[in-house]
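This report refers to the structure that appears directly beneath it.
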Amino acid sequence: MKIFTLLLTLISFAFSDQYVFLVNKYDKEIEYEAKIILKIATSSLGREIKLFIPDISEQEKKIYSEYFNLTKNCETANFIFDNKGSLTNDCKKQNKLFFTNNYKKLMENEKYYGAFFWSKSRPNIVFIKQRLEANSVLLSKEYLKYIEDINE
Amino acid sequence: MYKYFIYLFLFINILYAQNIDTLLQEYESNTKKSLKTVDEKLGHVKIYSQKDLKLMQYTTLTDILKEFPINNLNNNKFGISNLSLSGSKTDVSGFFRFFINDHEVSSTYTQSSSLSWINLPLDFIDYIEVYRGNSSFALGSDAGIFFIRIYTKNPMKENGSQVVGTIASHGTNSQSITHTDILQNGWSYLSYFNNTKEHDKRTYNNNTLENDAQRRYFYLNMQKENTSINFGYTDVKKDNYIGLSLDANPDSGEIESKDYFFDFTQNFLDDKSLKVNFAYDFSEVDYEEKNSSGLEVLPVLNMASLGTTIPKEYYQNIELKKYSGLLSKTFSTNKNNFVVGTTFQNKKYFTKQNRTVNFLNITTDVGQFTPFDEETISSLFVQDDYKFDDKLSLIGNAKFDKFKRDGGLDDFTSEHYRVGAIYTPFKKFGIKSFYTKTSLAPTFYNIDYADITDSNSYNMKNQEYKYYSVEGVYADEKSRFSILYTNVKIENFIYFSPVGFINIDDHTIKTQNWIFDYTYELSAKHKLQLNYYRTSLSETLNNSSKGGYIKFTGEFDKFDYFTSLIYRNGYSFTTVNVPNSYNFNLGATYHFSKDISISLKGENLLNKSTKSLYKDGLFDTGTNFALEDYQREVTLSMKWVF
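So the sequences go chain by chain: Z and L.
According to this note's numbering, the residues represented by the first sequence are 1 to 152, in order.
According to this note's numbering, the residues represented by the second sequence are 153 to 794, in order.
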């Protein structure tokens with residue numbers, strides 16, 4: 001275990017990054033967001049992800065497309081990440097998973113089965129137990145601590 | 153064997169990165185590096201990240217400015233912190249621009265930081281970028297030679313509330329509350345309130361110079377994907393320290409000021425390439441002072457009848473209003489970014505009260521010092537950066553201003569140009585260089601306090617700056633080393649002579665600076681930073697010209713800790729000898745939980761503060777003397793996040 005920890009530490013050093021000049025726009029944060037959504041979507045669906053982000057920005061489009069097959073509309077998607085609160089009601093829930101970045105929205109709208117959001121300056125993920133069951137989503141053990149039972 | 157280890161490393165790394173907890177941790181630590189808005193094309197940049205601000209326990213903006221290279225942070229005669237360029241001391245400097253969320257908060261009257269924003273508390277600030285370069289090219293502001301961009305915490309990434317209470321050894325204390333929330337309609341907001349009471353005093357000629365102050369701040373930021381609304385308010389009520397007194401010992405005096413602004417920014421189009429901004433700024437300053445030995449209120453003095461024009465009481469109330477707007481559009485291709493924009497500013501200066509009482513007890517309503525009380529500036533700016541290849545980027549800027557001024561002052565146009573290059577021939581090494589030609593127009597303050605011996609001094613000339621800079625950087629996984637050289641030439645420098653502001657037009661002022669900077673990451677949680685700089689100046693030195701710092705920060709278990717030593721060299725001016733300054737600081741934070749922490753910080757523990765020069769007496773008579781800029785202080789603070 002010690003060797004394992006040491007190796008991890010060494011790797012994290014190797015990837016710690018002092019930069020010379022940041023000439024290109026720094027988009028590591030969006031890259032991490034995309035990786036986290038990829039991880040969640042893959043674990044939830046277990047098949048190829050067709051992602052739809054309402055009102056997606058050009059920068060998001062560039063980065064998310066490296067990890068996902070992006071769709072231009074809600075109908076053809078199987079995973080919707082509503083990260084601007086701009087999803088319209090005409091996007092119906094048929095064989096789709098809806099994810100938000102707003103905890104309040106998650107609590108109040110049954111459409112969403114989970115959220116990836118910041119709380120008290122820390123990033124957080126929450127899945128609603130009842131909605132996971134309703135959507136037949138089986139998550140692995142690593143997600144257990146992120147599942148909330150809200151007695152809907 | 154070697155290959156085997158590489159494969160093993162990569163394999164483990166993939167497993168490691170795939171864990172959702174680890175991804176979240178990496179995401180959080182990456183966000184705290186605060187690199188999202190860095191724009192290398194604006195100049196030579198230094199970032200104070202969210203992590204730096206937290207570990208170094210910086211309480212106010214002045215804590216950062218104290219250590220900032222090629223500058224000295226001094227107290228002026230009103231006891232207000234003011235930045236001066238290395239080697240020189242100014243009471244009010246107009247070279248620096250301060251922005252909060254891209255709104256300029258420099259004073260409309262002096263172009264310097266206003267009385268209160270320079271002491272901005274940092275507990276609602278996310279990170280700070282300091283650029284050596286001219287902000288006016290890309291931000292459309294007034295010209296300056298370096299600028300500070302301050303970013304408030306992002307409500308989307310805070311989403312909670314925070315209470316901070318602080319008490320220091322001399323009785324200075326502050327309380328603040330931050331609240332952030334995300335609404336369901338996509339809007340989020342941050343609101344902040346701070347109340348600070350400062351206790352500070354010095355002794356000169358056995359007299360106590362009081363410098364107590366009470367400051368309050370309120371800030372509101374509301375944002376949605378393409379819209380940002382900011383409202384900032386601050387007021388201060390403080391003692392006037394030395395003030396205008398001829399014997400450096402006022403009988404009584406007080407300064408009150410109030411500043412607020414409203415700023416609205418909207419981005420249009422999918423790529424946010426069209427930007428519209430409107431802003432309104434208001435500031436009010438109320439000054440009063442009584443002194444039985446007389447006051448040096450330069451603009452009211454008449455050289456032919458000094459006996460009846462030297463006041464013993466002075467009352468002033470002024471207001472400044474500024475309306476500004478910006479429209480810019482960016483055109484981007486794979487290799488080229490072209491920005492074109494236009495700005496408009498209208499500045500109005502109102503004198504509500506300006507009254508003196510002389511030694512014959514005659515009250516005089518002075519009215520406006522000069523008829524100049526309105527200025528309108530229209531500007532057009534363009535920027536083009538061309539990415540020649542992955543290694544070389546070229547940058548070109550131009551800005552044209554049209555100044556319309558009332559009160560019989562000449563209207564004029566000014567032009568600003570800059571060319572630059574960023575060249576990274578190797579992954580670990582790069583060079584960045586700029587040549588800039590810019591011009592700083594006189595302010596309302598410069599004109600009010602223009603040379604009283606010259607009736608034509610109001611039509612002061614612009615200060616013309618020509619400067620170039622070269623920066624070389626070497627960086628590997630754990631360390632970053634940079635050398636920055638700047639060479640500045642100033643024509644028509646606006647100098648505060650004993651009889652008021654004059655243009656130095658008989659010679660060119662020259663200054664050269666070297667900054668050496670080294671950062672070494674001892675481990676993922678421990679960092680060492682070293683800095684040394686030196687300046688040569690063509691004029692007589694009246695401030696420190698060399699300096700540097702050593703900073704160490706770390707985290708272990710539930711503790712954060714830091715130590716720093718900030719050095720400024722000694723100097724002599726006339727009969728005053730100012731010794732070296734060694735500002736030694738030490739601090740630690742204990743986290744009871746993720747939400748509650750307590751911090752202890754000792755500042756200037758060796759009691760070897762920098763000193764500022766002052767002078768008593770009228771015009772160039774009197775005595776020069778030096779007073780310490782800050783005290784030795786221990787501060788205890790508590791933070792609760794909920």
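Heads up, the beta-carbon is just placed ideally off N, CA and C, and yes, glycines get one too.
Locate the beta strand (DSSP E) running through residue i, then write down its first and last residues.
i                            : result
proline 307 of chain L       : Counting along the chain, proline 307 of chain L falls outside any beta strand (DSSP E), though it belongs to the alpha helix (DSSP H) covering 307-310.
leucine 674 of chain L       : 661-675
lysine 504 of chain L        : 488-510
lysine 556 of chain L        : 544-557
alanine 320 of chain L       : 313-320
tyrosine 439 of chain L      : 426-442
valine 20 of chain Z         : Looking at the DSSP string, valine 20 of chain Z is not in any beta strand (DSSP E), and its letter there is neither H nor E.
phenylalanine 794 of chain L : First-last for phenylalanine 794 of chain L: undefined, no H or E at that position.
lysine 746 of chain L        : Taken as a continuous stretch (DSSP letters only), lysine 746 of chain L belongs to no beta strand (DSSP E), as it is neither H nor E.
Once DSSP output is grouped into helix, strand and coil, what is the label at residue i?
i                        : result
proline 650 of chain L   : coil
isoleucine 56 of chain Z : coil
valine 622 of chain L    : strand
isoleucine 3 of chain Z  : Note that isoleucine 3 of chain Z has pLDDT 49, beneath the 50 cutoff, so the model's placement of it is unreliable and the number below is only indicative. Isoleucine 3 of chain Z falls in the helix class under three-state DSSP.
leucine 217 of chain L   : helix
threonine 595 of chain L : coil
glutamine 130 of chain Z : helix
serine 288 of chain L    : helix
aspartate 352 of chain L : coil
proline 463 of chain L   : strand
alanine 41 of chain Z    : helix
lysine 473 of chain L    : strand
glutamine 783 of chain L : coil
aspartate 294 of chain L : coil
threonine 775 of chain L : coil
proline 577 of chain L   : strand
serine 457 of chain L    : helix
alanine 400 of chain L   : coil
leucine 765 of chain L   : strand
leucine 757 of chain L   : coil
lysine 410 of chain L    : strand
glutamine 202 of chain L : helix
glutamate 31 of chain Z  : helix
valine 190 of chain L    : coil
lysine 72 of chain Z     : coil
serine 789 of chain L    : strand
leucine 61 of chain Z    : For the record, residue 61 of chain Z in the displayed sequence is lysine; it is not leucine. Helix, per DSSP.
leucine 421 of chain L   : coil
From the options, pick the residue whose C-alpha is nearest to that of residue i; which is it?
i                           : options                                   : result
serine 545 of chain L       : L:Asn488, L:Leu478 and L:Leu758           : L:Asn488
aspartate 709 of chain L    : L:Lys677, L:Ser697 and L:Gly739           : L:Lys677
tyrosine 283 of chain L     : L:Asp606, L:Gln664, L:Ala365 and L:Leu636 : L:Leu636
aspartate 254 of chain L    : L:Met612, L:Phe586, L:Ala431 and L:Ser484 : L:Ala431
valine 625 of chain L       : L:Lys613, L:Pro577 and L:Asp606           : L:Pro577
lysine 543 of chain L       : L:Ala550, L:Ser233 and L:Tyr575           : L:Tyr575
leucine 765 of chain L      : L:Phe771, L:Asp781 and L:Leu758           : L:Asp781
phenylalanine 79 of chain Z : Z:Ile147, Z:Gly46 and Z:Met107            : Z:Gly46
glycine 405 of chain L      : L:Asn598, L:Asn357, L:Asp438 and L:Ile547 : L:Asp438
asparagine 401 of chain L   : L:Asn358, L:Ser435 and L:Ile381           : L:Asn358
leucine 135 of chain Z      : Z:Ile49, Z:Gly114 and Z:Pro123            : Per the sequence shown, the amino acid found at residue 135 of chain Z is asparagine instead of leucine. Looking at the Cα atoms, Z:Gly114 is the closest of the given residues.
Give the range of the alpha helix (DSSP H) segment to which residue i is assigned.
i                        : result
glutamine 177 of chain L : 172-183
leucine 636 of chain L   : Taken as a continuous stretch (DSSP letters only), leucine 636 of chain L belongs to no alpha helix (DSSP H), being part of the beta strand (DSSP E) at 631-643.
Does any heavy atom of the ligand SAH sit closer than 7 Å to the C-beta of residue i?
i                     : result
serine 409 of chain L : Among the ligands in the structure shown, none appear at all, so the ligand SAH cannot be discussed.
- Interface positions of the stretch 121-143 of chain Z facing chain L (Cβ-Cβ less than 9 Å), listed along the chain: Ser121, Arg122, Pro123, Asn124, Ile125, Glu142 and Tyr143
- Query: Of all the residues that make up the stretch 479-499 of chain L, which are near chain Z by a beta-carbon distance shorter than 7 Å?
  - Reply: none
- Residues in the stretch 282-310 of chain L with C-beta within 7 Å of chain Z's C-beta atoms, listed in sequence order? Met308, Lys309 and Glu310
- Task: Note down, in chain order, all residues in the stretch 175-209 of chain L with a beta-carbon under 7 Å from any beta-carbon belonging to chain Z.
- Result: Leu175, Leu176, Glu178, Tyr179, Glu180, Asn182, Thr183, Leu187, Lys188, Val190 and Glu192
- Item | Length-filtered (3 minimum) beta strand (DSSP E) runs lying within the stretch 204-272 of chain L | 223-227, 233-237 and 248-252
- the stretch 63-74 of chain Z: which residues have C-beta closer than 8 Å to a C-beta of chain L, in chain order? none
- Tell me the start and end of each unbroken beta strand (DSSP E) in the stretch 74-150 of chain Z that is at least 3 residues and wholly inside, in chain order. 79-82, 97-100, 112-119 and 122-128
- Item | Near-chain L residues of the stretch 90-103 of chain Z (beta-carbon distance less than 7 Å), N- to C-terminal order | Asn102
- Message: Runs of 3 residues minimum, wholly inside the stretch 702-729 of chain L: which ones carry the beta strand (DSSP E) assignment?
- Response: 711-720 and 723-725
- With 7 Å as the C-beta to C-beta threshold (strictly closer), list the residues of the stretch 623-641 of chain L near chain Z in chain order. Val625, Ala627, Asp628, Glu629, Lys630, Ser631 and Arg632
- For the stretch 578-599 of chain L, enumerate the residues whose C-beta is nearer than 8 Å to any C-beta of chain Z, in chain order. Lys579, Lys580, Phe581, Gly582 and Lys584
- Give, in chain order, every residue of the stretch 558-577 of chain L whose Cβ lies closer than 8 Å to some Cβ of chain Z. Ile574 and Thr576
- Residues, ordered as in the chain, of the stretch 371-390 of chain L that lie near chain Z by beta-carbon distance below 7 Å: Glu377
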